[in-house]
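Numbered per UniProt numbering, the sequence shown spans residues 1 to 556.
Here a beta-carbon is modelled for each residue, glycine too, at the ideal position from N, C-alpha and C.
One structure below.
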Amino acid sequence: MAYTVINLSRPSHPNYHTFAHRLSNGWILGWKIDNSDHQWYKFRTNLPLLTGVMLIWLALSTTYNLIARLATPSPTDSPSPTPASEARSHPASSTSLPPRVPFIIFFALILLFGLHGMSLPKMLIILWFNYRIARLATSPTLSKSVPWLTWAFNLAILFSNEVNEGYQWANLSPSLQHWDQAKWAQGILPRWHINWNITMLRLISFNMDYYWAANVASGEAQTIRSTQEEKLELLTQKLSAPPLNDRTRVTKSHPLSDYSFTTYLAYAFYPPLYLAGPILTYNSFVSQLYHPPSTISKKMLLGYTVRFVACLLTMELVLHSMYVVAIKDEARSGAWSGESPFELSMIGFWNLIVVWLKLLIPWRFFRLWALLDSIDPPENMVRCMANNYSTLGFWRSWHRSYNLWCIRYLYVPIGGAKRALVATLTVFTFVALWHDLSLKLLTWGWVITVFVLPEMVGMKVLPAQKVSKDRFYSHHPWYRHVCALGGVLNVHMMMTANLIGFAIGTEGMQYMWSRMVESWQGVRFITLASACLFVAVQVMFEYREEEGRRGVRRRC
1 MAYTVINLSR
11 PSHPNYHTFA
21 HRLSNGWILG
31 WKIDNSDHQW
41 YKFRTNLPLL
51 TGVMLIWLAL
61 STTYNLIARL
71 ATPSPTDSPS
81 PTPASEARSH
91 PASSTSLPPR
101 VPFIIFFALI
111 LLFGLHGMSL
121 PKMLIILWFN
131 YRIARLATSP
141 TLSKSVPWLT
151 WAFNLAILFS
161 NEVNEGYQWA
171 NLSPSLQHWD
181 QAKWAQGILP
191 RWHINWNITM
201 LRLISFNMDY
211 YWAANVASGE
221 AQTIRSTQEE
231 KLELLTQKLS
241 APPLNDRTRV
251 TKSHPLSDYS
261 FTTYLAYAFY
271 PPLYLAGPIL
281 TYNSFVSQLY
291 HPPSTISKKM
301 LLGYTVRFVA
311 CLLTMELVLH
321 SMYVVAIKDE
331 ARSGAWSGES
341 PFELSMIGFW
351 NLIVVWLKLL
361 IPWRFFRLWA
371 LLDSIDPPEN
381 MVRCMANNYS
391 TLGFWRSWHR
401 SYNLWCIRYL
411 YVPIGGAKRA
421 LVATLTVFTF
431 VALWHDLSLK
441 LLTWGWVITV
451 FVLPEMVGMK
461 VLPAQKVSKD
471 RFYSHHPWYR
481 HVCALGGVLN
491 VHMMMTANLI
501 GFAIGTEGMQ
511 YMWSRMVESW
521 QGVRFITLAS
531 ACLFVAVQVM
541 FEYREEEGRR
551 GVRRRC
């Protein structure tokens with residue numbers, strides 16, 4: 001598989017001249033490098049700068065934490081605390097901020113001014129309006145409107161940002177035109193609205209978590225007794241033990257004092273996760289500020305750093321030896337002409353590998369930054385792109401933090417499994433439009449929805465687990481092989497959908513499939529490829545069963 005694409009990328013290949021202008025000088029053995037993917041080019045070029053900012057952040061953050069600890073009285077300097085006094089002194093029981101919030105805000109505002117210049121006030125205005133919507137959650141008459149207003153406001157801002165291209169100060173007043181044109185006022189990334197999609201998810205997370213916390217608080221308020229000691233007892237119970245796992249950190253609401261504008265600002269602009277995620281819910285962020293996860297150790301950080309470097313070097317090797325992005329982009333210039341069905345499929349396959357790596361590496365870089373800062377966001381990609389046979393499982397593992405966000409704030413509120421088709425269509429339509437307001441990605445979202453249906457129907461018709469007295473089939477010898485056949489179909493459909501959305505588009509996909517089915521050579525290739533995929537899916541089954549024997553349950 002790799003040799004075929006390497007051969008297509010050699011200077012001796014007849015089509016080399018059609019894409020050679022897209023290649024750059026590389027650093028491995030004098031080879032050229034295919035650095036033509038715009039997203040990867042930007043990250044790769046700015047990686048040294050990002051690394052420098054990360055090191056500065058970590059140095060200042062460590063210094064701030066050290067000074068804060070020295071300024072905090074030691075427990076030995078005060079009498080032994082009682083549960084009531086612990087509750088009084090806990091940050092959540094007062095109006096004090098969670099640890100490090102002032103430092104996060106200070107650094108974030110400087111960083112964002114450097115990134116976006118005078119667009120920073122626009123962002124702060126949007127944050128303020130969103131916060132005012134969230135505050136309605138404590139109103140007896142308007143609280144139920146918060147979810148609707150939150151979604152309406154943020155979707156309107158998403159579309160408005162795109163239509164107005166981030167807005168211009170000159171439209172507000174001609175005297176402010178220099179804020180649009182001056183180099184110092186533009187920042188490194190003048191198009192701030194391109195990165196706003198990620199921030200929008202945090203705004204919705206804050207509002208919804210605050211809304212649910214307000215509901216919990218209003219319910220608890222009815223049960224609070226009048227005496228001071230009983231109030232302290234109730235407060236002590238709420239602050240008893242820190243959350244121990246990811247699910248608890250996400251679902252456990254905090255006292256309403258923790259949903260302040262300052263903490264909200266620190267969450268929305270938290271530097272390690274601001275540009276690309278992974279996405280962390282507000283509840284989890286605040287919980288980790290109070291109680292850093294015990295799972296973060298020096299051994300874990302070292303292992304994660306080594307894995308990141310290995311992925312980065314793998315990407316470099318792929319781009320130095322396989323010029324599939326350039327070949328894909330020059331299809332109309334004849335870069336695909338004369339290729340066999342197998343060669344075309346390998347161009348598509350390795351393009352998906354490049355897409356996987358170009359997303360995996362930035363996500364792991366920013367997650368590593370957060371981990372070094374004692375914040376543990378979800379891992380986005382927990383499986384290799386080539387280790388997926390389930391459309392539902394692929395969606396759970398590909399952009400995992402986004403999937404968890406969609407489930408909590410969109411899929412479940414719409415109806416979840418009770419209204420699976422409507423909820424799935426809504427989620428993937430939102431996902432497509434959230435990525436980019438383009439027909440190509442909207443088509444991708446709808447295609448994904450259609451391709452999920454066969455698996456959902458199969459799970460209903462042939463359930464693995466017992467759903468009634470006689471309706472479960474996992475104990476039958478043939479069941480595994482039927483599932484493998486379904487997995488083969490899923491692999492074909494997932495490759496088709498993702499090539500449409502992230503690589504060659506609908507036109508390129510139509511050409512590729514026409515070459516597969518309109519000739520005997522193509523039909524023979526599809527048959528042999530499906531047989532190989534059948535074996536590969538069986539290996540994937542066994543891999544997951546081995547994980548299960550070790551107590552690992554990923555559901556993907």
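Spatial distance of Met531 from Leu357 (CA atoms):
The sequence as given places Ala at residue 531; Met does not occur at that position. In a straight line, the C-alpha of Ala531 is about 27 Å away from that of Leu357.
Measure from the alpha carbon of Tyr402 to the alpha carbon of each residue in Met381, Ser145 and Asn387, then state which is nearest.
Met381
May I ask you to report which of helix, strand or coil DSSP gives Ile157?
Of the three classes helix, strand and coil, the one that applies to Ile157 here is helix, per DSSP.
Taking all protein chains shown into account, do 16 or more other C-beta atoms lie within 10 angstroms of the C-beta of Glu330, making it buried, or fewer, making it exposed?
buried
Could you tell me the alpha carbon to alpha carbon distance between Gly551 and Arg480, rounded to whole angstroms?
21 Å
Sequence-distant residues of the same chain with beta carbon closer than 7 Å to Ala276, five excluded per side
Ile198, Pro362, Trp363 and Phe366
Do Val452 and Thr496 have their CB atoms nearer than 7 Å?
no
Between the alpha carbons of Arg544 and Asn387, how many angstroms are there, rounded?
10 Å
Quick one: grab the DSSP three-state call for Ile375.
coil
Expressed to the nearest angstrom, what Euclidean distance is found between the alpha-carbon atoms of Ile56 and Leu47?
14 Å
Is Ser530 helix, strand or coil when you go by DSSP?
helix
Should the stretch 305-324 be called in touch with the stretch 280-294, which here means at least 3 C-beta pairs below 8 Å?
When C-beta atoms of the stretch 305-324 are compared with those of the stretch 280-294, fewer than three pairs fall below 8 Å, so the two segments do not count as touching.
Compare the beta carbon distance of Trp405 and Val5 with 7 Å and say whether it is the shorter of the two.
no
Paired residues, beta bridge with Lys122 - DSSP
None; Lys122 has no bridge partner.
Which same chain residues, not among the five before or five after Leu360, have their C-beta less than 7 Å away from its C-beta?
Cys311 and Met381, listed in sequence order.
Would you report the Cα separation of residue 557 and Leu60, rounded to the nearest angstrom?
Limits of the chain in this structure are 1 at one end and 556 at the other, which puts residue 557 out of reach.
Helix, strand or coil for Ile504 per DSSP?
coil
Could you give the DSSP three-state label for Ile33: helix, strand or coil?
strand
Taking the DSSP output, what are the residues bridged to Ser145?
Paired residue(s): none; Ser145 is not in a bridge.
For Asn283, which residues of its own chain have a beta-carbon under 6 Å away from its beta-carbon, when the five flanking residues on both sides are left out?
Asp209 and Val250
In terms of alpha-carbon separation, which member of Pro272, Leu50, Asp436 and Phe103 lies closest to Leu66?
With distances taken between Cα atoms, Leu66 lies closest to Phe103.
Can you look up Ala337 in the DSSP assignment and give me helix, strand or coil?
For clarity, residue 337 is Ser in the given sequence; the question names Ala instead. Correct three-state label for Ser337: coil.
Of the listed residues Arg553, Ser340 and Ala71, nearest to Arg524 (C-alpha basis)
Of Arg553, Ser340 and Ala71, the residue nearest in Cα terms is Ser340.
Buried/exposed call for Leu8, threshold 16 Cβ in 10 Å
When all chains shown are included, Leu8 counts as buried.
Determine the direct distance from the alpha carbon of Leu462 to that of Leu115, and round the result to whole angstroms.
53 Å
Do Val101 and Ala266 come within 7 Å of each other at the CB atom, strictly closer than that value?
yes
Measuring CA to CA, which of Thr506, Glu316 and Leu368 is closest to Leu302?
Leu368
Going by beta carbon distance, what residues of the same chain come within less than 8 Å of Pro413, once the five residues before and after it are set aside?
Pro147
Is the shortest distance between the beta-carbon of Pro378 and the beta-carbons of chain B less than 7 Å?
In the displayed structure, chain B is absent; only one protein chain is listed.
Grouping DSSP H, G and I as helix and E and B as strand, with all else coil, what is Gln237?
Bear in mind that the predicted position of Gln237 carries a pLDDT of just 46, short of 50, making it too unreliable to give a figure here.
Count the other CB atoms, across all protein chains shown, that sit within 10 Å of the CB of Trp184; report buried if there are 16 or more and exposed otherwise.
exposed
Label Ile125 either buried or exposed according to how many other C-beta atoms from any shown protein chain fall within 10 Å of its C-beta, with 16 as the threshold for buried.
exposed
Mind reading off the beta-carbon distance from Phe269 to Ala108? Whole number of angstroms is fine, and I expect it under 8 Å.
Right, the Cβ-Cβ distance comes to about 4 Å (below 8 Å), so this counts as a contact.
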